[in-house]
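In UniProt numbering, the protein residues as written are 1 to 590.
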C-alpha cells in the first residue's frame with residue numbers, strides 16, 4: 001500500500017481470519033436442475049441454487065509458467081528501427097487513397113497507437129482537401145474509407161457524401177453490386193452512423209445484402225473469409241487486440257503485403273503479450289492468496305476471462321495499473337454477482353447489502369461465513385485503490401467507490417427480490433435496473449480512477465451520476481449478454497432477461513424479440529457515435545473506454561456467454577492473445 005489512507009476508512013488492511021472456513025457443499029438433484037445443500041456451523045441445512053459452473057481452465061501454476069522471449073532488448077531495438085521506417089513511409093506517401101489505406105492497415109494490425117500524431121496530421125490535411133474538392137467524384141471505396149476514418153477520429157463529415165452513389169429513387173445504384181471492395185468499405189462506414197441518418201441506414205442494408213450474396217457465389221477464398229468475418233461483427237464494434245491477431249494472418253496472405261508493416265505488427269503483438277503475461281501473473285498470485293476460488297466453489301473462478309475483459313478496455317502497454325486493478329475488480333464483481341444470483345438467501349443478501357452500505361469492518365460479524373470472505377477481500381481491495389489515489393492524486397475517492405458498489409449491490413438485491421417473489425418485470429423496469437446490475441457503471445467509474453492523470457472531485461461527481469455515455473455503453477453490455485444468455489442460466493432461476501420481457505409484453509416470437517434487441521443495440525451505438533462532451537472528464541484515455549466496454553461485451557457474448565461457459569471461441573481468443581506468440585519468419589536475432 002502506498003501513502004496514507006483517507007481518514008474515513010480503515011488504513012490498515014484486514015487479514016482474512018483463519019477461522020473463516022469453506023462452506024460445506026453437497027450437490028443434490030431437483031426438478032429444475034441442480035441445487036446445493038449447504039451446512040452451516042450451527043448444523044442448519046439450507047437448500048440453495050447452483051449454476052454448476054465449470055472449473056477454471058487455467059490454474060495459477062500454468063499462468064506463472066508463461067514465458068516470452070520478446071522481452072529482450074534485441075527485439076526492442078529491431079522494433080524501434082521498424083517504427084522509424086513506418087514514420088518515414090507516413091511522411092512520404094502523398095496520394096490520399098494510399099494514405100487512407102495505410103492508416104486503415106496500421107489500425108487493423110494494431111500498431112496505429114504508435115503513430116497517432118502522424119495519422120492526425122494526415123487526416124487533417126485530407127479533411128481540409130475534402131472541402132476544397134467538394135463535388136469531385138471518387139470511388140465508393142475511397143469515399144467510404146475516408147468517411148469511416150474521419151468520423152472515427154472526430155472529424156465532421158456528412159452522410160450526404162454517399163448521394164453520388166444513389167439513383168433518382170434514392171436507392172443505391174445496382175451497378176455497385178460488382179464492386180465488392182467498395183461495398184465492404186460502405187458496410188464498415190455505415191456503423192459510424194448517428195441517429196436520423198437514413199442514407200447510412202440504407203447503405204447498411206444494401207451492403208449486407210450484397211455481401212451475403214458475394215459469400216454464396218465467390219470462389220475467392222481469402223476475400224470470402226474477410227467478408228464473412230466482417231458480417232459477424234463490424235470493425236467499429238470489435239476489440240483491437242483480437243482484430244489485430246486475426247488481421248495479421250490475413251495481411252500476410254495478401255499480395256499487397258508490406259514486409260515492414262507485417263514484421264513490426266508481429267513484434268508489437270508479441271512484446272505486448274509479454275506485458276500482459278506479467279500483469280496476469282500478478283493478478284493470478286493475488287487471486288490464489290485470496291482463496292476465494294477454493295472457498296466459494298459455487299461461484300465462477302475464471303481469472304483469465306476476467307483479465308481478458310481488461311485487455312478489451314485498455315490494451316496499451318502503459319495501462320498496466322488499469323489491467324491489474326481492473327482484473328481484481330472484475331473478479332470481485334463476478335464472485336459477488338454469483339452470491340446474489342446463485343447462492344445467497346434473501347435474508348443473507350440483505351445483510352450483505354447492509355454491510356456494503358455501512359462499509360464498516362465491524363459488520364462482518366453479522367454476515368454468514370461465506371460472505372465474510374467476500375466482504376473482507378472487497379474491503380481490502382477498495383481500500384488499496386483509494387489509498388493509491390490519495391497518495392498519487394491527493395483525492396479521497398472512497399466515497400465515490402462506496403457509492404457505485406452500493407448501487408451495484410442494490411441492483412442485485414432488487415433482482416433477487418424479483419426472483420424470490422416470482423415477479424415478472426416490464427421491459428422498462430428490467431432495463432432500468434439491468435444496465436447497473438451488468439456492472440458497466442462500476443467498471444467505468446473505477447477505470448477513471450485507474451487511468452486518469454488528474455483525478456478531481458468534480459469529475460467523480462459527474463461520473464457517479466452516470467451520464468448518458470455510461471448508461472448507453474452499459475445497456476449495450478447488458479443486451480449483448482441477453483442475446484446469448486444460455487438456457488442453462490435461466491434454469492438457475494434468474495429473473496427474465498430483456499428477450500423474455502419483450503415476449504411477455506408483446507406476444508412476439510423469440511426470433512422477433514431477438515431482432516428487436518439487436519435493433520436496440522444498433523440504436524445505442526448511434527447515440528455513442530454522436531456523443532461529444534469535452535467537459536465530462538479531461539482524460540482522453542478514459543473517454544475511449546465506454547465504447548471499448550461495449551466492444552468487449554459484444555466480443556465475449558458473440559457466440560456464448562464467455563464468462564460462464566468455457567466456449568472454444570473464448571478459449572481460442574484468450575490463448576491467441578495471452579499465451580501463443582506469433583511466429584516471425586526469416587528474422588534472426590543479431
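Cβ coordinates follow ideal geometry from the N, Cα and C atoms, glycine included.
Taking the alpha-carbon of residue i as reference, which of the options has the nearest alpha-carbon?
i, options, result
"residue 524", "463, 473 and 440", "473"
"residue 171", "352, 156, 284 and 204", "204"
"residue 458", "400, 425, 233 and 442", "400"
"residue 154", "443, 556, 534 and 583", "534"
"residue 334", "304, 113, 163 and 276", "304"
"residue 107", "353, 469, 240 and 453", "240"
"residue 159", "139, 193 and 514", "193"
"residue 427", "73, 221, 498 and 258", "498"
"residue 244", "104, 150 and 145", "104"
"residue 220", "416, 253 and 90", "253"
"residue 185", "416, 206 and 169", "206"
"residue 319", "266, 217 and 451", "451"
"residue 295", "309, 377 and 256", "377"
"residue 49", "494, 200, 198 and 125", "494"
"residue 518", "548, 478 and 429", "478"
"residue 349", "415, 217 and 306", "415"
"residue 386", "84, 445, 59 and 429", "445"
"residue 443", "422, 500 and 322", "322"
Please list the terminal residues of the continuous alpha helix (DSSP H) segment that includes residue i.
i, result
"residue 364", "Segment: none, residue 364 is in no alpha helix (DSSP H) and carries neither H nor E."
"residue 473", "468–483"
"residue 382", "369–393"
"residue 531", "No alpha helix (DSSP H) holds residue 531; DSSP gives it neither H nor E."
"residue 397", "Premise fails: residue 397 is in no alpha helix (DSSP H) and is neither H nor E."
"residue 307", "303–313"
"residue 457", "457–464"
"residue 217", "198–217"
"residue 579", "That residue, residue 579, is in no alpha helix (DSSP H); it is neither H nor E in DSSP."
"residue 142", "140–152"
"residue 227", "221–232"
"residue 252", "240–252"
"residue 79", "73–92"
Determine whether the beta carbon atoms of residue i and residue j lie at a separation below 8 angstroms.
i, j, result
"residue 293", "residue 545", "no"
"residue 268", "residue 79", "yes"
"residue 372", "residue 361", "no"
"residue 369", "residue 406", "no"
"residue 317", "residue 425", "no"
"residue 97", "residue 161", "no"
"residue 551", "residue 289", "no"
"residue 122", "residue 99", "yes"
"residue 248", "residue 82", "no"
"residue 234", "residue 188", "yes"
"residue 274", "residue 70", "yes"
"residue 311", "residue 340", "no"
"residue 592", "residue 270", "Because the chain spans 1 through 590 in this model, residue 592 falls outside it and cannot be assessed."
"residue 182", "residue 144", "yes"
"residue 447", "residue 531", "no"
"residue 418", "residue 475", "no"
"residue 594", "residue 191", "With the chain covering only 1 through 590, there is no way to say anything about residue 594."
"residue 514", "residue 549", "no"
Ordered along the chain, which non-local residues of its own chain (more than five positions away) have a Cβ less than 7 angstroms from that of residue i?
i, result
"residue 402", "359"
"residue 87", "115 and 118"
"residue 455", "389, 393, 395, 397 and 449"
"residue 591", "Because residue 591 is not part of the residues shown, which for the chain are 1 to 590, the question remains open."
"residue 480", "521, 553, 554 and 557"
"residue 137", "164"
Output needed for residue i: all residues of its chain with C-beta closer than 8 angstroms, excluding positions within five of it in sequence on either side, in chain order.
i, result
"residue 246", "229"
"residue 516", "502 and 508"
"residue 420", "346"
"residue 76", "271"
"residue 102", "89, 90 and 93"
"residue 571", "57"
Only counting the same chain, and skipping five residues up and downstream in sequence, which positions put a Cβ closer than 6 angstroms to that of residue i?
i, result
"residue 537", "459"
"residue 2", "At residue 2 the pLDDT is 36, less than 50, meaning the model places this residue with poor confidence; the figure from the coordinates comes in the next sentence. These residues qualify, in order along the chain: 388 and 391."
"residue 573", "242"
"residue 324", "279, 282 and 283"
"residue 179", "140"
Could you tell me whether the Cβ of residue i comes closer than 8 angstroms to any Cβ of chain D?
i, result
"residue 425", "The structure shown contains no chain D; it holds only a single protein chain."
Query raised in the report: Quick one: any contact between the segment 286–300 and the segment 344–353, if contact means 3 or more CB pairs under 8 angstroms?
Result: no
**Report entry** Segment contact, 8 angstroms Cβ cut-off, at least three pairs: the segment 434–445 with the segment 401–419
**Finding:** yes
Query raised in the report: Is the segment 370–384 in contact with the segment 324–335, if contact means three or more CB pairs nearer than 8 angstroms?
Result: yes
Report task. Evaluate the contact criterion for the segment 56–64 versus the segment 277–286: three or more CB pairs, one atom per stretch, below 8 angstroms. Result -> yes
Query - the segment 501–513 in contact with the segment 462–469 per 3-pair CB rule at 8 angstroms - result: no
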